[in-house]
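Residue 41 in UniProt numbering is what sits at position 41 of the sequence shown, and the numbering runs on without skipping anything. Idealized CB from N, CA, C, for every residue including glycine. No experiment lies behind these values; they were computed from the predicted model shown.
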Amino acid sequence: MSVGNVRSRRLLLKKREPVQLVARFAEVAGWEYVGALDRDPDQLINHEMKWQVDASTSVHFIVDDTGVDQSGELRYLVVLGADREQVEQVRKSVEDARIDVWKPAELNRIADLSFGSGLPDEQVRAMLRLGLGAPLTATPKVEALFERGTRDPEPIVRFATLHAIAQAEWPGCLDLVRGLADDEHPDVAELAEMVVQAFADEGLA
1 MSVGNVRSRR LLLKKREPVQ LVARFAEVAG WEYVGALDRD PDQLINHEMK
51 WQVDASTSVH FIVDDTGVDQ SGELRYLVVL GADREQVEQV RKSVEDARID
101 VWKPAELNRI ADLSFGSGLP DEQVRAMLRL GLGAPLTATP KVEALFERGT
151 RDPEPIVRFA TLHAIAQAEW PGCLDLVRGL ADDEHPDVAE LAEMVVQAFA
201 DEGLA
């Protein structure tokens, strides 16, 4: 998928924007369409479309419906490349366009409010969005929300929080993950071990 080892913050779309809208934006921006990867839920593979910006930078539109959020899919754009400055420039061009994406502060607020809702489904959705749209570097606010999610009495919320931490890829949150390795719910404990291993495989542990 990647043409380099640098990625942007994922730009999580507020609405289920049709693929055609993203494709039109890519055409106007002058990106070259490369192709698509078909969804394969059995292999946890999401539908993905790719455009080449230049020789070392690409933009990917991903429809994520393989996670724990059974209420619907999450759509996002991410820029991958070899040069951080170019990757961030392309990301900013997307944010400045008329594609409505969640800002980090909005995701923080929604996650914060979800804990007072008493609705686990809302908490799950908020945590998954929080992880997907997390900044590249850890922030105290999001870390506190992750910590709160790992202590939630609902197993599905703890499970979703582990997914969110895995998406954020913040090494500083590993202690939160390890703390769930002996969770009373077997699915949560198993996922915690998988996330710890995934961090180790990526050199983040």
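Hey, could you find the ends of the alpha helix (DSSP H) residue i is sitting in?
i: Lys141; result: 140 to 150
i: Val157; result: 155 to 168
i: Phe25; result: 19 to 29
i: Ile110; result: 104 to 114
i: Pro120; result: 120 to 132
i: Ala192; result: 186 to 201
Report back the beta-carbon spacing between residue i and residue j to the nearest angstrom; my notes put them in contact at under 8 Å.
i: Phe146; j: Leu176; result: 6 Å
i: Ala192; j: Trp170; result: With a Cβ gap of about 15 Å, Ala192 and Trp170 do not count as contacting.
i: His47; j: Asp54; result: Incorrect: roughly 24 Å between the Cβ atoms, too far for contact.
i: Leu162; j: Val195; result: 5 Å
i: Leu107; j: Leu128; result: The pair is not a contact, with the Cβ atoms about 10 Å apart (cut-off 8 Å).
For residue i, is the beta carbon positioned less than 7 Å from some heavy atom of the ligand FMN?
i: Ser58; result: Looking at this structure, you won't find the ligand FMN or any other ligand, since it has none at all.
For residue i, which residues from the same chain have a beta carbon less than 8 Å from its beta carbon, with the 5 sequence-adjacent residues on both sides left out?
i: Thr57; result: Val3, Gly4, Val79, Leu80, Gly81, Ala82, Asp83, Gln86, Val87, Val90
i: Asp100; result: Leu13, Lys14, Lys15, Glu17
i: Leu132; result: Arg10, Leu12, Asp64, Leu74, Tyr76, Ala164, Gln167
i: Val34; result: Lys50, Trp51, Gln52, Ser58
i: Ala205; result: Pro171, Leu174, Val196, Phe199
i: Val94; result: Leu11, Phe25, Val59, Leu77, Val79, Val101
Which residues in the same chain have their Cβ closer than 6 Å to the Cβ of residue i, if we skip the five residues on either side of it in sequence?
i: Ala126; result: Ile110, Ala111, Ser114
i: Phe61; result: Val22, Met49, Leu77
i: Val188; result: Pro155, Arg158, Phe159, Leu180
i: Ala26; result: Trp51
Along the chain, where does the beta strand (DSSP E) containing residue i start, and where does it finish?
i: Leu37; result: 32 to 37
i: Glu48; result: 47 to 54
Which residues does DSSP list as the beta-bridge partners of residue i?
i: Phe61; result: Met49, Leu77
i: Arg7; result: Leu80
i: Leu13; result: Val101
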